[in-house]
Amino acid sequence: MTGSWIRGMLVTCAATSAGCAPLTFSEEGAIDFERYSRVEVAVESNATTDGWATRYLVEELRASSGFAQVDAVPSPSADLFLDVTVFVGAGDDDDDGDATYASVATFDAWDAQGRLVDSGSESDESSGPIEAAEDVLDEVVLHFIAPFRL
Amino acid sequence: MTRPLSLSMLVAAGIALVARSAIGQGAEAASETGTTRSTARLHAGAGVHWLWAQGKAMPGMTLRLGGRWLAGEGEAGLIWLTERDQDRDRRFLGGQLGAHLSVTPVADHRFRLGGGLGGDFYPLFNIHGDEWQFALALRARGDVRVARKVWLFGTARAYPLHSDGLELGVNRSRGNGLPVLFGTGIEWSTE
Chain A
16 MTGSWIRGML VTCAATSAGC APLTFSEEGA IDFERYSRVE VAVESNATTD
66 GWATRYLVEE LRASSGFAQV DAVPSPSADL FLDVTVFVGA GDDDDDGDAT
116 YASVATFDAW DAQGRLVDSG SESDESSGPI EAAEDVLDEV VLHFIAPFRL
Chain B
2 MTRPLSLSML VAAGIALVAR SAIGQGAEAA SETGTTRSTA RLHAGAGVHW
52 LWAQGKAMPG MTLRLGGRWL AGEGEAGLIW LTERDQDRDR RFLGGQLGAH
102 LSVTPVADHR FRLGGGLGGD FYPLFNIHGD EWQFALALRA RGDVRVARKV
152 WLFGTARAYP LHSDGLELGV NRSRGNGLPV LFGTGIEWST E
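Here the protein sequences line up with chains A and B, keeping their order.
Per my numbering, the first sequence starts with residue 16, numbered consecutively.
Per my numbering, the second sequence starts with residue 2, numbered consecutively.
What follows is the structure, encoded as structure tokens:
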């Protein structure tokens with residue numbers, strides 16, 4: 016009797032392996048990255064004033080976004096201009112007494128003719144002000160992630 | 002980051018519900034036999050499985066905790082492409098996490114058949130650290146005992162609700178296929 020169960024299960028395994036379902040992960044892309052392939056980035060942040068936020072966003076966009084070229088201001092060849100403002104709030108104590116820093120990033124993307132192509136805002140929170148700024152900039156990068164269909 | 006937290010809370014609530022159910026069943030059994038000893042018949046199982054998705058390798062581990070009727074199940078796996086990504090030299094995509102509550106209306110010492118509801122969470126951390134997809138999963142599972150504590154099992158799941166970037170039954174070129182994801186595995190169980 017056990018043998019017949021095993022045979023049945025093997026048949027089930029074979030049937031399921033033959034019946035692989037298509038499972039697709041996709042991201043369409045926030046903008047047309049073929050039309051806007053070169054971006055100039057400028058970030059204003061109250062977390063730091065030494066240009067760190069701009070450098071961070073440039074590096075992260077280069078790594079993960081759909082832009083072919085990402086530069087900080089000035090970038091004469093840019094066909095899109097991304098202005099980001101990051102605000103990190105004062106740390107609030109959570110229930111455990113640990114400080115939590117909320118952060119908000121608002122962004123506008125303009126084309127060379129000054130037309131608004133895309134805009135939005137992202138929010139996040141973390142245990143430190145710099146980390147909170149990083150996390151919310153990561154969300155901006157995620158907004159501009161390179162399209163995929165896998 | 003609040004949505005993964007919600008999933009964790011859902012899983013915790015499910016495990017609590019399963020444990021409460023199993024303890025209730027044990028107490029009921031004890032009451033029927035006139036004993037006062039609490040005999041919670043909580044069974045646990047751990048296994049490995051494979052989800053059969055086109056163009057992807059999806060191995061994973063499974064955990065099951067529950068009683069005769071109700072069980073909570075967890076899955077954790079990884080996802081690789083078996084077909085080349087046209088745009089990038091990338092094979093590894095990320096992970097798959099599942100948490101399901103299931104009822105088992107058909108069961109004897111050799112066979113179990115049940116189904117339930119849960120969530121499948123796909124953190125695609127090798128695409129981007131914050132990239133993820135989520136689906137509400139309807140799931141059926143059948144088990145066959147092949148040794149004293151070893152069961153073979155098969156699962157079938159459908160996604161009635163899912164995030165925009167997760168398509169079950171649709172391939173890369175937008176062709177349609179069967180919108181059911183099958184899985185097979187082997188489990189070591191205390192039952």
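Think of the CB as a built atom: it goes at the ideal place given N, C-alpha and C, for glycine as much as any other residue.
**OP:** Sort out for me which residues DSSP pairs T121 of chain A with in a bridge.
**Re:** Here the question's residue 121 of chain A lines up with position 106 in the first sequence. T121 of chain A is bridged to A:T100, A:S136.
Subject >> Pairwise C-alpha distance: F122 of chain B and A148 of chain B >> reply: Stepping through the second sequence from its first residue, residue 148 of chain B is reached at position 147. Stepping through the second sequence from its first residue, residue 122 of chain B is reached at position 121. Those two C-alpha atoms are separated by around 32 angstroms.
Original post:
Just to confirm, are A57 of chain A and V88 of chain A a CB contact at a threshold of 8 angstroms?
Top reply: Here residue 57 of chain A corresponds to residue number 42 of the first sequence, with the count starting at 1. Here residue 88 of chain A corresponds to residue number 73 of the first sequence, with the count starting at 1. It is a contact, given that the beta carbons lie within the stated cut-off.
**OP:** List the endpoints of the continuous beta strand (DSSP E) containing L162 of chain B.
**Re:** Sequence index remark: in the second sequence, residue 162 of chain B carries index 161 (1-based). Unbroken beta strand (DSSP E) run through L162 of chain B: 151-163.
Original post:
What is the DSSP secondary structure of T69 of chain A, reduced to helix, strand or coil?
Top reply: Reading the first sequence from its first residue, position 54 is the one you call residue 69 of chain A. In this structure, T69 of chain A counts as helix in the three-state DSSP scheme.
**OP:** Mind listing the chain A neighbours of D88 of chain B? Cutoff is C-beta to C-beta under 8 angstroms, in chain order.
**Re:** Start at 1 with the first residue of the second sequence, and residue 88 of chain B comes out as number 87. Here the neighbours are A161, F163.
Original post:
Which chain B residues sit within Cβ distance under 7 angstroms of D153 of chain A?
Top reply: For the purposes of this step, residue 153 of chain A is taken as the residue at position 138 of the first sequence. Result: G130, D131.
Subject >> Contiguous beta strand (DSSP E) assignments of at least 3 residues, all confined to the region 60-120 of chain B >> reply: If we require 3 residues or more, the beta strand (DSSP E) runs fully inside the region 60-120 of chain B come out as 71-82, 93-108.
**OP:** Hey, could you find the ends of the beta strand (DSSP E) H50 of chain B is sitting in?
**Re:** Indexing the second sequence from 1 puts residue 50 of chain B at position 49. Start and end: 44-53.
Original post:
Does the Cβ-Cβ distance between A124 of chain A and F96 of chain A come in under 8 angstroms?
Top reply: Along the first sequence, read from residue 1 onward, the residue named residue 124 of chain A stands at position 109. Along the first sequence, read from residue 1 onward, the residue named residue 96 of chain A stands at position 81. Their beta carbons are under 8 angstroms apart, which means A124 of chain A touches F96 of chain A by this criterion.
Subject >> Selection from B:F93, B:I187, B:P180, B:T105 that minimises the alpha carbon distance to P124 of chain B >> reply: On the second sequence, position 123 is the one that residue 124 of chain B refers to. Ranking the options by Cα distance to P124 of chain B, first place goes to B:F93.
Original post:
Residues bridged to F48 of chain A by DSSP?
Top reply: On the first sequence, residue 48 of chain A is found 33 positions in, with the first residue counted as 1. In the DSSP output, where bridge partners are listed per residue, F48 of chain A has none listed.
Original post:
Which same chain residues, not among the five before or five after W133 of chain B, have their C-beta less than 7 angstroms away from its C-beta?
Top reply: The residue labelled residue 133 of chain B in the question sits at position 132 within the second sequence. Annotation for W133 of chain B: F122, Y123, P124, L125 place their beta carbon closer than 7 angstroms to its own, counting only its chain and skipping 5 residues before and after.
Subject >> Under 8 angstroms between C-beta atoms of F159 of chain A and I128 of chain B >> reply: Taking the first residue of the first sequence as position 1, residue 159 of chain A is located at position 144. Taking the first residue of the second sequence as position 1, residue 128 of chain B is located at position 127. Cβ atoms of F159 of chain A and I128 of chain B: not closer than 8 angstroms.
Original post:
Quick one: which chain A residues come within Cβ less than 7 angstroms of G166 of chain B?
Top reply: Here residue 166 of chain B corresponds to residue number 165 of the second sequence, with the count starting at 1. The answer, in chain order, is F40, S41, E42.
**OP:** Taking only beta-carbon positions, decide if L207 of chain B is within less than 8 angstroms of chain A.
**Re:** Nothing about residue 207 of chain B can be reported from this structure: the residues present for chain B run from 2 to 192 only.
**OP:** Can you tell me which of the three DSSP states V171 of chain B falls into?
**Re:** Counting from one through the second sequence, the residue named residue 171 of chain B turns up at place 170. DSSP places V171 of chain B in strand when its eight states are reduced to three.
Subject >> Segment contact, 8 angstroms Cβ cut-off, at least three pairs: the region 132-143 of chain A with the region 106-120 of chain B >> reply: Counting Cβ pairs under 8 angstroms, fewer than three are found: no touch.
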